[in-house]
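What follows is a short report on a single structure.
Residue numbers (UniProt numbering): 1 to 323.
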């Protein structure tokens with residue numbers, strides 16, 4: 001399994017109400033800590049425990065160095081672009097990855113100034129090499145290049161891997177948990193719009209497909225598809241199809257299909273013009289029919305599965321939206 005820690009840093013020049021420097025540290029998509037230069041303090045955002053003295057010292061070393069280096073970079077970029085007023089922002093994403101028990105994965109860093117990429121660094125511990133691309137690395141001489149490589153080899157790489165392993169052991173249950181999606185297929189506006197919604201799932205990667213009469217709808221015909229966060233740390237995704245007047249004159253069967261790490265098999269929710277819904281996995285299916293007076297005020301039908309509970313379950317679905 002792959003784990004990633006991605007600190008995000010930015011510096012703002014000229015006066016604003018925001019801190020000149022702030023940093024967010026992530027383990028995959030779980031926020032671990034936050035730091036800003038106004039308070040000069042670190043907030044641990046994961047579990048209820050506080051940072052140890054060793055953790056505080058390690059974080060302070062990195063944050064102080066990042067603050068100094070990014071402010072210098074921002075001033076260089078400001079001069080290079082002849083900017084004399086306004087707010088200018090230097091951003092950095094840096095991190096390392098851990099595959100299984102390996103500690104030889106690279107450390108990567110990307111810089112942007114006012115939203116434009118200006119620097120990319122890749123340190124390969126296994127080969128002991130440093131790749132550098134962008135505006136400022138192109139101006140480095142061999143001594144500068146070697147100095148940066150030594151810094152990554154002796155500070156950033158060992159510290160990043162050490163921190164990653166430490167917080168992975170503390171937050172493992174959060175980052176490797178699996179939460180099944182709740183999938184809904186909704187027909188709106190008199191049948192002129194069909195939406196496929198999956199929500200409440202974790203991890204974030206999901207494959208959501210909207211089909212018409214068994215054929216996947218071209219992505220260019222749908223809107224949405226963005227991955228959005230929920231307040232509880234899970235995610236949601238919606239895809240919507242505008243049905244043409246010609247399609248309204250014909251009988252079509254729309255299907256929403258979800259595949260996710262938490263599901264043993266793909267999950268299908270189908271909707272036809274007769275208000276018949278079919279929920280199915282590779283093992284079994286459940287047909288639901290209703291009359292207009294049988295629908296509740298919210299337009300959703302809640303149901304309980306019957307039959308072989310071991311081989312025929314739909315735990316990922318709690319309710320289905322009716323047209």
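Ideal Cβ positions, reconstructed from N, Cα and C, are used throughout, including at glycine.
Two segments are said to touch when three or more pairs of C-beta atoms, one from each, lie closer than 8 Å; by this definition the region 252–260 touches the region 193–205.
For the 8 Å CB-CB criterion, residue 207 and residue 244 do not form a contact. Between residue 234 and residue 269, the gap from beta carbon to beta carbon reaches 8 Å or more.
CA-to-CA, the gap between residue 84 and residue 75 works out to about 11 Å. With respect to residue 183, residue 241 sits apart: the two C-beta atoms are not nearer than 8 Å. Residue 161 places its beta carbon 8 Å or farther from that of residue 121. Residue 252 carries a coil assignment under DSSP once its states are collapsed to helix, strand and coil.
In this chain, residue 74 is not harboured by any beta strand (DSSP E); it is covered by the alpha helix (DSSP H) spanning 53–80. Ranking 213, 265, 236 and 21 by CA distance to the CA of residue 250 puts 213 first. By the Cβ criterion, the region 138–156 is not in contact with the region 210–228, since fewer than three pairs of Cβ atoms, one from each stretch, lie closer than 8 Å. Linking residue 58 to residue 21 through their CA atoms gives a straight-line distance of about 17 Å.
Residue 70 sits away from residue 56, with the two beta carbons spaced by 8 Å or more. If you look at residue 169, you'll find it in the alpha helix (DSSP H) that goes 157–175.
By the CB criterion at 8 Å, residue 23 and residue 68 fall outside the cutoff.
Nearest Cα to residue 172 within the set 18, 127, 137 and 29: 29.
Runs of the beta strand (DSSP E) spanning 3 or more residues and lying entirely within the UniProt domain "Ig-like" (181–270) occur at 182–188, 193–201, 206–212, 222–224, 235–242 and 254–260, in chain order. Only residues of its own chain outside the window of five on either side were considered, and among them 19 have a CB closer than 7 Å to the CB of residue 38, listed in chain order.
DSSP, read as helix, strand or coil, puts residue 145 in helix. Put simply, the backbone Cα of residue 202 is about 13 Å away from that of residue 231. Burial is judged here by how many other beta carbons sit within 10 angstroms of a residue's own beta carbon; residue 111 has at least 16 and is buried. With respect to residue 118, residue 156 sits apart: the two C-beta atoms are not nearer than 8 Å. Following the DSSP letters along the chain, one finds residue 27 inside the beta strand (DSSP E) bounded by residues 21–27. Listed as beta-bridge partners of residue 115 by DSSP are no residues whatsoever. DSSP links residue 105 through a beta bridge to no other residue.
In this structure, the straight-line span from the alpha carbon of residue 134 to that of residue 78 is close to 16 Å.
Counting other Cβ atoms within 10 Å of its Cβ, residue 127 stays below 16 and is therefore classed as exposed. Between residue 248 and residue 185 a beta carbon distance of about 17 Å is seen, past the 8 Å cut, so the two are scored as non-contacting. Distance check between residue 181 and each of 36, 33 and 237 places 237 closest, using alpha-carbon atoms only. Between residue 26 and residue 93, the alpha-carbon positions lie close to 11 Å from each other.
Excluding the 5 residues flanking it on each side, residue 211 has same chain C-beta neighbours closer than 6 Å at 255, in chain order. Listed in chain order, the non-local C-beta contacts of residue 217 below 7 Å within the same chain comprise 210, 211 and 241, local neighbours out to five positions each way being set aside. Under the three-state reduction of DSSP output, residue 40 falls in the coil class, being neither helix nor strand.
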